[in-house]
Each structure stands twice: as structure tokens, then as C-alpha cells.
Amino acid sequence: MSDQQFSDGNDAEQASGSDTAMQAALDHHRGGDLVGAKTAYEAILEAEPDNAQAWQMLGLVAHQAGDAETALEKLAHAISLRPDNADIHVNIAEVLRGQGNAEEAVGAYRRAIAIDPNHQEALTNLGLLALENQYIGEGVEALRRSAILQPDNPAVQTNLGLALREVGDFENCLFAFARALIIAPEQIAFRQHFIDTLDGGPFIKVPDGIRRLLEDAYLTEGLHHQSLVPACMAVLKREEIFQGLLSLAQDEELGGLSAAMEGGQFDVFFTDFLVRGLMTRSLVCDAEFETVMNAVRRLILQEGVPPQSSVPMVQRHPQFVTALGMQAFSGGYTWSMTSDEGALSGILVRDTMKQLADLDADANIDAAVWSGLMVASCYRPIHTMVAPEKLLSGDVAGMPSFIVNLIRQQVAEPALESEMLTSVETLAGEAATAPGPDAEMPAPAWNTLAARQEMTLGDIMRSQIPGADVPRFAEGPINALVVGCRTGEAVIDLALQHPQSRIMGIDEDTANIAYAWRQAMQRGIANSRFVVGGVDALASHEQKYHLIGAPEVISQSANALATMQTLANLLEPGGIIKIGLYSEPGRVAVAAAREAIAAEGLKDDTEGLRAARSLIRGLEDGHAAKGVLAANWFYTRQGCRDLLFAQELSQFTVPALAATLAQAGLTFLGFQISDPALVGHYLELFPEAQNLSDLDKWQKVEAEYPDAFSTPESYGTYRLWCQKK
């Protein structure tokens, strides 16, 4: 149906005293009350038999009720009254298309475009239908015009890309997919279209313009840069310079890489804006990229001990060295180290700390110390090496931006979080226990969030769970709780979408809560709150919530059902809960990795974690455990620990979900599906399915596609929407 079907429709020719009645009818229609809407439209026609909008809306009601013949009859009457109304022609086309009458539908779209050449919906739908019926030229041209009119609509750009791929125009197809990806990087389908076309197209090299689009994206605020990483890595991996680096980095001695770096062979890579953008604004969750960065880090270290001002890489590529330090920090310093490397980094840190300690309070830091700090930051956070006040002076403020960014990440922000720790409270309102000196870094570290439009919970439910019965409270402000919120990204994202709502995040890690609070404060988020606590604390919590998010806490508990029941008890009647539950079939690689780690007797400590990661990375290709390299969590310290070492885990199969949810007093509404391929698998097996909420059908989907619920962002995890009974 036309996007304008619920507009007031009262142009100069149609204005009448029925405005109020029409608005009331439209309200019925928008709310899904087709019977009430039909009655209201008919009442308008009794007073105004020539009201074209009322005839049109009656046609839409009939169409939505499944009565195509009546719909066409009403719409035909509307068009007899207003033959120049493009929207009515579009709606006629939609009904005809639903009947399978493609030829007449194409004709109706053409008539709409003849009236309004810039009618976006007519152009898009004509393009898609024309392609389906082999009017290739007309289809591509219509979609091209639609994309020009809607440059910020990722779905339209994707439609154009698919059309161009159909006619073999791979370069322009790739550009269309790239534009869609950059507009909405969190949409897995857009990313996959781009990567599949890049891999499957006849590209000897990536078109220069594609790189520029991605580079510009890393300069753009309001984008979720982390979601751009897979596409950027697909581009980098097709380039000879990266493959050359990777080949040399895989030699344990690194002699060839050392000589090549000394000769300037890879200077272009070290000055590459896209590479630096990836390293400073996201965490690159890619095993080959880590191999390259770890090798380069080791060679830079060998140049920089003892601290000196003449470290070649620091001299030639200081921006890259600081970016490397920022990338290592973001991952929690999980990269492997040789024994010699560990000793050398220890010497560097010790000597750098001594030089800083010897400086007078008002003395400027000289080049040798800055050089040592930059290299040392690749192995240890700067704030653990020096008192913050020595690096947060006016002298630092005048330094190059890449130095300022490094100090911001590794000194200023941790210092602010340290101050905030004194004010962090538990759920009970008591002062939280400050983390000890050996506590883990907050995780995951994150930099950027996507810009969010204000939406109600109802809007989100309708977009993600088609056909769901949306509770009345979901149309206004809500109280929401995120349990196990880690560093607060999900809480702040919710707060941005629901600015009139109250959102609380709770996590057992005090450092995580301070990090989340700092992020919210710096973004001016006033409707969020962060407290320390776990599920046990929530058992006696009296506040009720309309929405609860529990991304992982249920599967990380020894008694998943009890945890689920505790959370369900916190919901308002009819309240909504989004649950993450580990999938037993989807986590076969995790089980294999844990088995390999246990066989080596590795411990759950810093050295054991690094050894475990090295073990998994070094396994032969095809080993089941190597599947965990696809999980983003593998590339962060805490995430990797949860993945490989966490002891109390509850895993599920689809058949077990229904029984567990029922015992917890919850009704399954649907899976949160970020990858449309999953819907494709479902409809491929069950083409007549009326909805996506049949768990028996999903069991068969997972049996056919064991990796169905494994994406890098949500590895082996079912994401469920449920409702309190």
C-alpha cells in the first residue's frame, strides 16, 4: 500500500467538514480496527458520496481483510473521482500484484508515475515487479530513479544493487550495496550483499570509490562503526599489500617483515586512513588482522627498548603506533606474546615509568619518554604506568590529535571512571565495592553508537515481530531494565530511542558500571541509571518493568529457569522481555574449544587466556574449535573468558525453549532476527507459514542449518522476544 495511505488527504479540492470524522476513521485504521474503520469511512460517504479518500480507504480496508475484488471495486470508484491521484493508482497496483496480475499491476504503476514522476513507492515497486517479469531495462531505470530520490534509504539502495547485479553491472551494484551498508551498517543483509558481490564479482582490484566511501564513513558521527568492520576487512584482504604483510607476519622469526618495514615497503599501509580508522574507532575482530598487528607490534617493541626518541616506526608512523596501542587496549591486551617479547615489554614499561617518575611536576615530557609511552601503550594501559595529572596538563592538550586521542582513551577516560567509582551504588542504594588493583578492564570497550530516531516499544515490536499483539503500554514511555548490561551500550541505545522513558542497567562488575555511567554522562543521556548487582539482588527488588533485556545472564547462571522466573516476576502484567539463551547446536565450536583447552590444562588467568587463544588459532583448518574465531567475543578479554572458561552455563535446544518459557510464565513471541537469511531458511522449508513464531518449525530450521543462530555479533545465541502471561 502507498506510504501515504494514512495521510489526512484533505487537499484544496477535498477539504470539507468531514476532517474530524476522517481523522477518527484513520485512527481506527492505524490501530488495526478494520471493522471500526470501515464503519467510519462508510459514515463519511453517507454525508459525502464523492469523497475520493473515503472510497480509497474503504478499498484498503477490503484489501487488508483479504477481499481483493471489493478492494478493486472501491478503488476504481475512487479513481473515477480523482483520476489524477497517483496514490490511488499505486494502491490499485498493489491489489493487482497481490492477485498475481503482474501485467495490470505494472500498468497501474506506470499510470501513477505518469502523474507523479517522482512517486517513490511507485518507482520502487514498479522496478521490483518489472524485474520479476523480465522487463529488465524498465526495472533498473525505475529503481535507479527511486535511489536518486531516496539516497538515504538503505532498502532502496539495496534494491538497486540487486537489479544492477542481475544485469551484470557489478561495479555500480557494489557502490549501491556500499551506500546501503554505510547508511545502516548494523543490518547484516546489507553487509552480506556487499561482501558477496565483492567476492563473486569480476574485480581485479576494489574500485577506488568504494574505499573512499568507507573512509568517509569512519569520519561520520552517528554511525555504528563496529558494524562496518567485516566489510572493511573484506576490502583490505583483497589488496596485495595486506596479503604481503600477512604472509611475512606468519613467519615466526619475522626477519622478512622486519627488512620490508625497514625498507619502507609497507609505508602505504601504515599511513592508510581506513586502517587507522578501523583501529581507533572499532575493535577489529579478525584473526588475520590480529596476526599482522601482533607481528608489527613485536617489531616495534624490538626497536624501542630501552625508551628512545629514535624508534624508527615512532619516527615515521607515529599515528599508526598510537592506533596500534588503542586497538590493543580495546581488546583488553589479549594478543599472544613470546617469552622474549614479554621480557622486553616489561623492561620498556619499567624504564618508561621510571623516566616519568623522575620528571618534575611542571616539566614537559621529552621525545624519548613519549616514544616509550606510545610503544608501551601497545602492551599495557598508560594509566597504570603514570599518575593521570602528569599527562592531563595543558602541555598534552597542545599535542597532535593522535596523541590526544591515545591519552583520552588510556588516561583521561579511565581517570574519570576512577573518580566516578566513589559514587557508584548497588541496587540497594549502598556504596559499591571499588575494584581491586588486579581487576579486569571494563569490557567491552566501545566508541561510537548509531544515531537513533525516537521510537516507542510498540514501533520496535511491529518492525521486529510481525503480527505480534502490541500491549497498550508499549505506545508510550516505559520503565526498562537491562540485566548484565556490561559497559552500557545496550542501555544507552535504548535511552536514545526512548528519551521519555527510564532505563536502568545493572551489572556485577563495578568497573563496567563506572564505564557505562561515564559514557552516558559524556553523551548527555539523562534518562539512564547504572547500578551494581546481579540476579540475586533482583530477587528482592520491588520495582516493576515494562521491558527487561537479559542478553546473556540467564545462560551464564547455574539455574537458568530460576533466573528466568526471577526476571519474569519483575515484569508488569503483559510485560516484554528480550532474552539471550545459548544454543547447544550453535555452540559446537565452543564445546570443542573448551575440550582442547582442558586437554592442555590451561588456567583461567591472563597467561592461560593468551595461551588458550594461541592454541585455538594454531589448530589445523577444519578443526571444530576454530569456529570460535568467527565470534566477536573471541577478540575481547572478558568475552573470550566467557566463551572459553566460564563454568556455569545453561545451553538450550529449540524443543527445550517452549517448556522452559512456559515454566517461567512467559509466552514466546518470536526470535529477534538480524540476518534475513534466517527468515529465508524458514520460508524455504515452510513456504505456507503464516508467522515466524512456531518453535516446532524453528527446530527443523536449525536441524537443517546448524549455524542458523550464529552471527559474529551473537555467536550461538538464541535472541527471543517473550511476554509475561
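So the mapping is simple: my numbering equals the position in the sequence shown, first residue as 1, plus 313. Using N, Cα and C, we set each Cβ at its ideal position, and we do this for glycine too.
Are Phe586 and Leu526 touching if we call contact CB-CB under 9 angstroms?
-> no
Is any heavy atom in the ligand SAH found nearer than 8 angstroms to the beta carbon of Val866?
-> The ligand SAH is absent from the structure shown, which contains no ligand whatsoever.
Could you pull out every residue in the same chain whose Cβ sits closer than 7 angstroms to the Cβ of Val866, ignoring the five residues on either side in sequence?
-> Val796, Gly797, Val848, Thr876
Kindly indicate which residue of His506, Val618, Met754, Ile554 has the alpha-carbon position closest to the one of Arg685.
-> The residue asked about is misnamed: residue 685 is Gly in this sequence, not Arg. Of His506, Val618, Met754, Ile554, the residue nearest in Cα terms is Val618.
Taking Cβ to Cβ, would you say Pro755 is nearer than 9 angstroms to Ala808?
-> no
Exposed or buried, Thr333, counting other C-beta atoms within 10 Å across all chains shown (16 or more means buried)?
-> exposed
Note down the Cα distance separating Asn431 from Gln766, rounded to an integer number of angstroms.
-> 25 angstroms
Measuring alpha carbon to alpha carbon, tell me which of Ser571, Ala600, Leu591 ends up nearest Tyr531.
-> Leu591
Bridge partners - Tyr1031, DSSP secondary structure assignment | Leu894
Evaluate the contact criterion for the segment 693 to 710 versus the segment 720 to 728: three or more CB pairs, one atom per stretch, below 8 angstroms.
-> yes
Could you check if Ala493 is buried or exposed, using at least 16 other CB atoms within 10 Å of its CB as the buried criterion?
-> buried
Per DSSP, Met817 is paired with what?
-> Leu794, Arg842
In angstroms with no decimal places, state the Cα-to-Cα distance between Ala425 and Asp400.
-> 7 angstroms
Would you give the residue range spanned by the alpha helix (DSSP H) that Ala608 belongs to?
-> 600 to 616
According to the Cβ coordinates, are Ala378 and Ala338 closer than 9 angstroms?
-> no
Contact under 9 angstroms by Cβ, Phe579 with Thr635 | no
8 angstroms Cβ shell around Val662 - same chain, five flanking residues per side excluded = Ala689, Tyr692, Arg693, Met698
Could you give the uninterrupted runs of the beta strand (DSSP E) lying entirely in the segment 868 to 925, keeping only those of 3 residues or more?
-> 884 to 896
For the beta strand (DSSP E) holding Gly983, just list the boundary residues, first then last.
-> 979 to 984
Which residues share a DSSP beta bridge with Glu738?
-> Ala744
Run through DSSP, which three-state label would Ile678 get?
-> coil
Beta-carbon contacts of Ser643 that lie in its chain and below 6 angstroms, excluding the five residues immediately before and after = Leu596, Ala758
Arg816 and Trp1034: beta carbons closer than 9 angstroms?
-> Checking the sequence, you will find Ile at residue 816 rather than Arg. No. Outside cutoff.
Taking the alpha-carbon positions, what's the Asp599 to Ala943 distance?
-> 8 angstroms
Tell whether a beta-carbon distance below 9 angstroms holds between Ser881 and Leu979.
-> Position check: residue 881 holds Ala in this sequence, whereas Ser was assumed. Their beta carbons are under 9 angstroms apart, which means Ala881 touches Leu979 by this criterion.
Drop a sphere of 10 angstroms on the beta-carbon of Phe820, count the other beta-carbons inside from all chains shown, and report buried for 16 or more, exposed for fewer.
-> The sequence given here has Asp at residue 820, not Phe. When all chains shown are included, Asp820 counts as buried.
Pair every Cβ in the segment 895 to 903 with every Cβ in the segment 961 to 968, then say whether three or more of these pairs are closer than 8 angstroms.
-> yes
Leaving out five residues on either side along the sequence, give the residues of the same chain with a beta carbon under 6 angstroms from the beta carbon of Ala641.
-> Cys691
Quick check: the segment 529 to 545 against the segment 493 to 512, are there 3 or more CB pairs under 8 angstroms?
-> yes
What are the start and end residues of the alpha helix (DSSP H) that includes Tyr995?
-> 989 to 998
Helix, strand or coil at Gly862 [DSSP, three-state] = strand
Whole-Å CB distance - Val292 paired with Ala562, under 8 angstroms assumed | Because the chain here runs from 314 to 1038, residue 292 falls outside it and cannot be looked at.
Buried/exposed call for Asn677, threshold 16 Cβ in 10 Å = exposed
Endpoints, alpha helix (DSSP H) assigned at Asp653 | 652 to 671
From Ala384 to Lys351, what distance separates their C-alpha atoms?
-> 12 angstroms
Any idea what DSSP makes of Gln766, helix, strand or coil?
-> coil
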